[in-house]
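Q: Please read through the structure below; I'll follow up with questions.
Numbering (the UniProt record's numbering), first residue to last: 1 to 348.
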């Protein structure tokens, strides 16, 4: 069942709230209880279900109401068995569409205020918008906010590692702000590739009461996967290290590359640092979204990093790197023969 708003009740005055059918409405009883009170009672009409979590009632009265202890962690929720018929108009019986659940759009016939869609000027003095992501997903995504050209940087990181939430500072009236998101981890066995961002509207009008949730909306992003280019594709470029006593091999490979009509890149000794197994340090593939394709480089088990890597010789233009940390030390590199890494065609 969907989670609705939180209603703060206060003694001595009625509290009104609209409960949506199919959602649970939370009651904050403990937070607004006067000092010295130890219990409370609830009486509900037949169409309302009241649930008090994790504890039986302290006392049951003959009239059907119950007394419950007031203590921290109290969880009281309401839900409706059926829609209210107090208005007598039976609007809930309106149906249309294939499943009888189509939305009904109301024409705005009131032209008194053509800017009625704008937020009131003092709205955000009593309310707050919070952009947030689950802590389990905050290291998988980074969100930037467009500051509209303000210095020192136009784009500021508002969500990401160690930043699970961000309170928006918005003026009243009609305004808009833009956000941009980037993935930080590729889907794998422990990450399905789905990241949810949430926007919550909080009521902060009463500083003596906790902030209450009025509305929440969410959007789900799917992180594009990393695709390894198969080494069975026709090669576009071949690279090789120039090492001590491999001149004969270089000559043979040069002739083969010329015959195959592919470009040959030779890394000098000062770039390869006499590391003939540097191909174990990378795999070349790509990640792709409808708007862009990016080559991707992974640093494999020896984990020496890409800082001192002969990047200008071995990587395609605009290549990006991604690091995956492990809870346990990675296994040592294998010395088994393996096919040389393959550079895929341009744009792949």
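Backbone N, C-alpha and C define an ideal beta-carbon position, used for all residues, glycine too.
Determine which residues share a DSSP beta bridge with residue 288 and list them.
A: For residue 288, which the question treats as bridged, DSSP gives the partners 293.
Q: Taking just the CA atoms, how far does residue 12 sit from residue 70?
A: Each residue's alpha carbon lies about 17 angstroms from the other.
Q: Tell me whether the segment 19–36 and the segment 231–245 touch, counting them as touching only if at least three CB pairs, one residue from each stretch, are closer than 8 angstroms.
A: Counting Cβ pairs under 8 angstroms, fewer than three are found: no touch.
Q: What do you reckon, are the CB atoms on residue 139 and residue 185 nearer than 9 angstroms?
A: Cβ distance < 9 angstroms, so residue 139 and residue 185 count as in contact.
Q: For residue 169, collect the residues of the same chain with a Cβ closer than 7 angstroms to its Cβ; drop the 5 residues on either side in sequence, then sort them by chain order.
A: Taken in chain order, the list of residues that qualify is empty.
Q: Below 8 angstroms on the Cβ atoms is my contact criterion, and I expect residue 15 with residue 7 to pass it. Report the Cβ-Cβ distance as a whole number of Å.
A: That pair is a contact at about 6 angstroms.
Q: Is it true that the segment 158–167 meets the segment 224–235, where meeting means three or more beta-carbon pairs spaced less than 8 angstroms apart?
A: Taking 8 angstroms as the limit for Cβ pairs, the verdict is that the segment 224–235 does not touch the segment 158–167.
Q: Using C-beta distances below 8 angstroms, list every residue in its chain close to residue 179, excluding the 5 sequence neighbours before and after it, in chain order.
A: Contacts found: 131, 143, 144, 145, 146, 158.
Q: Can you list, in chain order, the residues of its chain with a C-beta nearer than 7 angstroms to that of residue 226? Leave out the 5 residues immediately preceding and following it.
A: Answer for residue 226: 186, 285, 287, 296, listed in chain order.
Q: Candidates 21, 76, 203, 220: which alpha carbon is nearest residue 182's?
A: Closest by alpha carbon: 220.
Q: Per DSSP, which residues does residue 51 bridge with? Please list them.
A: Its beta-bridge partners are 77.
Q: Between residue 75 and residue 53, which are expected to be in contact by the criterion C-beta below 8 angstroms, what is the C-beta distance as a whole number of angstroms?
A: That pair is a contact at about 4 angstroms.
Q: So, with DSSP's three-state summary, where would you put residue 254?
A: The answer is helix: DSSP assigns residue 254 an H, G or I state.
Q: Classify residue 21: buried if its beta carbon has 16 or more other beta carbons within 10 angstroms, exposed otherwise.
A: Exposed, by the Cβ-count rule.
Q: Whose CA, out of 246, 289, 156, lies closest to the CA of residue 266?
A: Residue 246 is the option with its Cα nearest to residue 266.
Q: What do you get for residue 160, buried or exposed, if any count of 16 or more other CB atoms within 10 angstroms of its CB means buried?
A: The residue is buried, with at least 16 neighbouring Cβ atoms inside 10 Å.
Q: Pick from 135, 129, 273, 23: whose alpha carbon is nearest that of residue 81?
A: The shortest Cα separation from residue 81 among 135, 129, 273, 23 belongs to 23.
Q: To the nearest angstrom, how far is it from the Cα of residue 249 to the Cα of residue 228?
A: Their backbone Cα atoms lie some 28 angstroms apart in a straight line.
Q: What is the C-beta distance between residue 29 and residue 48, in whole angstroms, given that I count them as a contact (C-beta under 8 angstroms)?
A: About 15 angstroms; that fails the 8 angstroms criterion.
Q: Is residue 345 helix, strand or coil by DSSP?
A: Note on residue 345: pLDDT 33, under 50, position unreliable in the model; the coordinate value appears next. Looking at residue 345 - three-state DSSP - the assignment turns out to be coil, as it is neither helix nor strand.
Q: From what residue to what residue does the alpha helix (DSSP H) around residue 269 run?
A: From DSSP, the alpha helix (DSSP H) with residue 269 extends over 269–272.
Q: Between the alpha carbons of residue 46 and residue 119, how many angstroms are there, rounded?
A: Answer to the nearest angstrom: the Cα atoms are 38 angstroms apart.
Q: Helix or strand or just coil, what does DSSP make of residue 185?
A: If DSSP states are grouped into helix, strand and coil, residue 185 belongs with coil.
Q: Taking the CB atoms as reference points, tell me whether residue 128 and residue 202 lie closer together than 9 angstroms.
A: The answer is yes: Cβ separation under 9 angstroms.
Q: Taking just the CA atoms, how far does residue 222 sit from residue 290?
A: Roughly 12 angstroms separates the two Cα atoms.
Q: Hey, how far is the Cα of residue 95 from the Cα of residue 106?
A: Answer to the nearest angstrom: the Cα atoms are 15 angstroms apart.
Q: Within 10 Å of its beta-carbon, does residue 17 have 16 or more other beta-carbons around it, so buried, or fewer, so exposed?
A: When all chains shown are included, residue 17 counts as exposed.
Q: Just curious, the beta strand (DSSP E) that residue 27 is in, first and last residue?
A: That run of the beta strand (DSSP E) goes 23–28.
Q: Would you kindly work out how many angstroms separate the C-alpha atoms of residue 254 and residue 217, rounded to a whole number?
A: Answer to the nearest angstrom: the Cα atoms are 59 angstroms apart.
Q: For residue 63, does the count of other Cβ atoms within 10 angstroms reach 16, so buried, or fall short, so exposed?
A: Note that residue 63 has pLDDT 46, beneath the 50 cutoff, so the model's placement of it is unreliable and no number is given.
Q: Leaving out five residues on either side along the sequence, give the residues of the same chain with a beta carbon under 8 angstroms from the beta carbon of residue 156.
A: So the list reads 144, 145, 147, once near-sequence residues are dropped.
Q: Can you give me the start and stop residues for the beta strand (DSSP E) that residue 142 sits inside?
A: Counting along the chain, the beta strand (DSSP E) containing residue 142 begins and ends at 141–146.
Q: I'd like the span of the beta strand (DSSP E) that includes residue 167, first residue to last.
A: Looking at the DSSP string, the run of the beta strand (DSSP E) that includes residue 167 is 165–167.
Q: Tell me, which residues are paired with residue 220 by DSSP?
A: DSSP output for residue 220 lists 196 as bridge partner(s).
Q: Please name the residue, chosen from 211, 137, 273, that lies closest to residue 191 on a Cα-to-Cα basis.
A: Ranking the options by Cα distance to residue 191, first place goes to 137.
Q: Would you give the residue range spanned by the beta strand (DSSP E) that residue 131 belongs to?
A: Where residue 131 is concerned, the enclosing beta strand (DSSP E) stretches over 127–133.
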